[in-house]
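Numbering (the numbering used here), first residue to last: 7 to 283. Notes for the one structure printed next.
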Ligand code: MLT
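What follows is the structure, given as C-alpha cells:
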C-alpha cells in the first residue's frame, strides 16, 4: 500500500509514524487492502488489542490501528488532552492515510468515546461507526473520584498497582479461567502504559461529553457490539442505548467481557465484515 502524503515510515514493518499538527508523534499500525477500517483501542490496553483483526481482516480492509496519545510510539507531549482532541488526531491520520475516503471507524470503550467525538466533529468522513463495549454516558461523582484516585496512585506507586484492580473486570470469567495467553497479553499492555498516560486518560474520561441526548441525531450507519459478560459496559445497557440511534444494529457476543474483539475474534470479525458489506 502506498502512502502518498509524504509520511515518515518508521521502519520496514507496518508501523507508521506521522508528525501531528502540534509537533507530536502519532503512530499507527497499518495493513491490508480494501475499504479503510480505523481501530481505536480502549484504556489500560493499546493498539495490540486489535492483533486478531490486523491478521485476519487484512484481505478485506485497509486496517489502521491507531495508538492514541501516550500509547506505543504516539507521544503525550502535553500533560492533558481531551477526547475531542484525540478525535482530531484521528481525523489528521485519516486525511494522511485515506485521503478523501470516508472510513469505517471502530472504537472500544474509551476508543468508543473518541469515536462518538469523531462523529460529532467529522461525521461527513464516516462510512460507518462501530461502537464496541462502550457507552455514551459519563460517570457519577463516585466514578470520577475513582478515576482520579487511580491517576494519583499511578503517579505515586506506578502504573501496575494503579490499574491491576481493573484486570479482573476487563475479561469474561471464561477468558480468565481458560485463556491464560489472553490474560498475559492484557497484562503486558497494561504494564507498558506510562503513569502520565494513565493520568491523562483518566482526566479526559472525567471531562468527557455525555452523548446520551445526541444518540437520536446520529445518522451514520452504526453497529453496536457488546460482550455479554462485560461488567464495565453491560450488554443490556448497550442494547438499550443502541436502539436510540436511528440507523443502528446491535450484536451481543457470548463468552466475551470488555475486550470482545480480543476474546472472541472470529465472531467479532465476522459481524464487522458483514456489517461493512
Ligand atoms: C476502556 O476500556 O477504555 C476503559 O474501560 C474505559 C474506562 O476507564 O471506563
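Where is the CB? At the ideal position from N, CA and C, for every residue including glycine. Quick caveat: nothing in here was measured; it's all calculated off a predicted structure.
Is it buried or exposed, residue i, if we count other Cβ atoms within 10 angstroms and call 16 or more buried?
i	result
residue 143	exposed
residue 24	buried
residue 65	exposed
residue 137	buried
residue 236	buried
residue 123	buried
residue 264	buried
residue 69	buried
residue 52	buried
By Cβ distance, which residues of its chain are closer than 7 Å to residue i, with the 5 residues on each side in sequence left out?
i	result
residue 100	44, 109, 131
residue 88	210, 213
residue 72	34, 44, 45, 46, 53, 96, 99
Beta carbon of residue i, beta carbon of residue j: below 8 Å?
i	j	result
residue 273	residue 178	no
residue 119	residue 214	yes
residue 140	residue 226	no
residue 114	residue 125	no
residue 33	residue 76	no
residue 62	residue 271	yes
Ignore the nearest five residues each way along the sequence and tell me which others in residue i's own chain have a CB closer than 6 Å to its CB.
i	result
residue 156	168, 208
residue 21	35
residue 30	81, 83
Going by DSSP, which residues form a beta bridge with residue i?
i	result
residue 163	Answer is none; residue 163 lacks a bridge partner.
residue 97	Its beta-bridge partners do not exist; DSSP assigns none.
residue 223	DSSP, once it has assigned bridges, lists no residue as partnering residue 223.
residue 232	258
residue 89	Answer by DSSP bridge pairing: none, since residue 89 is not bridged.
Leaving out the 5 sequence neighbours to the left and right, which residues in its chain are closer than 8 Å to residue i when beta-carbon positions are compared?
i	result
residue 189	173, 177, 181, 182
residue 8	Low confidence applies to residue 8: its pLDDT is 35, below 50, so where it sits in the model is not reliable, and the reading given next is rough at best. Counting only Cβ-Cβ distances below 8 Å, and skipping sequence neighbours, we find nothing.
residue 10	With a pLDDT of 33 at residue 10, under the threshold of 50, the modelled position of this residue cannot be trusted; read the value that follows with caution. Excluding sequence neighbours, residue 10 sits near 105.
With a threshold of 8 Å between beta carbons, is residue i in contact with chain B?
i	result
residue 229	The chain inventory of the structure shown lacks chain B, comprising one protein chain alone.
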